[in-house]
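Chemist:
Residue numbers (UniProt numbering): 1 to 211.
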């Protein structure tokens with residue numbers, strides 16, 4: 001996928017031209033699309049739309065958003081859309097498996113693609129597309145590279161968004177942290193071992209939820 005693919009989708013005047021396999025939801029200010037390479041059973045990207053008069057640079061990344069005076073409004077719009085997406089995801093979970101499990105919402109400290117996007121991702125991290133340490137560590141909710149929507153909103157409310165924006169580049173080093181299970185803390189030697197362990201954890205969790 002091109003680095004600007006998300007920006008191009010966000011710029012569409014009529015997002016409905018996107019195929020159903022791509023587009024999940026559109027609102028007057030946001031668009032939600034299925035991640036092309038999902039890192040969990042459910043993985044959706046929620047983005048602000050680029051409407052006439054908006055500058056690409058204001059919505060390029062989390063850092064650029066935190067420097068934007070309209071950050072709170074954008075976050076509120078993303079949060080509203082993400083709540084709708086989460087409800088859809090949970091409905092689909094129950095429909096397909098009979099149970100629902102955790103869903104995380106957050107931003108990457110340093111995104112891999114242009115245009116701000118909020119990840120709405122199920123916490124199983126169970127997917128063929130999760131292939132590397134970088135993939136895994138970028139979605140671990142406990143490591144610090146994946147920054148929750150709740151935390152970012154708290155930064156804005158506390159008036160420390162600009163300060164936090166300056167700390168984001170250093171978080172890239174977290175992607176090199178050793179592999180450990182974010183649920184139980186077990187260290188794993190490599191990605192195949194991690195994926196097998198996560199699959200076991202996921203099966204155990206679903207079994208517990210069905211009781």
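Backbone N, C-alpha and C define an ideal beta-carbon position, used for all residues, glycine too. No experiment lies behind these values; they were computed from the predicted model shown.
#1: Within 10 Å of its beta-carbon, does residue 31 have 16 or more other beta-carbons around it, so buried, or fewer, so exposed?
#2: Look at the Cβ atom of residue 113, then the Cβ atom of residue 194, and state whether they are nearer than 8 Å.
#3: If we ignore side chains and look at the alpha-carbon of each, how far apart do residue 25 and residue 69 end up?
#4: For residue 71, which residues of its own chain have a beta-carbon under 7 Å away from its beta-carbon, when the five flanking residues on both sides are left out?
#5: Count the C-beta pairs between the region 95 to 113 and the region 56 to 63 that are closer than 8 Å, then say yes if the count reaches three, no if not.
#6: Assuming residue 104 is part of the alpha helix (DSSP H), what are its boundary residues?
#7: For the ligand GTP, any of its heavy atoms closer than 7 Å to the Cβ of residue 69?
#8: Using alpha carbons as the reference points, say which of 179, 196 and 2 lies closest to residue 189.
#9: Need the endpoints of the beta strand (DSSP E) that residue 118 sits in, please.
#10: Select from 140, 115, 78 and 15 the residue whose C-alpha is nearest the C-alpha of residue 174.
#11: What number of angstroms, rounded off, separates the C-alpha of residue 153 from the C-alpha of residue 29?
#12: Identify, in the order they occur along the chain, each residue of the same chain with its Cβ nearer than 6 Å to the Cβ of residue 56, setting aside the five sequence neighbours on each side.
#13: Could you round the C-beta distance between residue 127 and residue 41 to whole angstroms and report it? I think they count as a contact, below 8 Å.
#14: Give the DSSP-derived three-state secondary structure of residue 156 in the structure shown.
#15: Our contact map puts residue 99 next to residue 210 with C-beta atoms below 8 Å; I'd like the distance itself, whole angstroms only.
Modeler: In this structure, then:
#1: buried
#2: no
#3: 26 Å
#4: 65, 156 and 161
#5: yes
#6: No alpha helix (DSSP H) holds residue 104; the beta strand (DSSP E) holding it covers 103 to 108.
#7: By its list of ligands, the structure shown contains no ligand whatsoever, and the ligand GTP lies outside what it can speak to.
#8: 179
#9: 118 to 122
#10: 140
#11: 18 Å
#12: none
#13: 7 Å
#14: helix
#15: 6 Å
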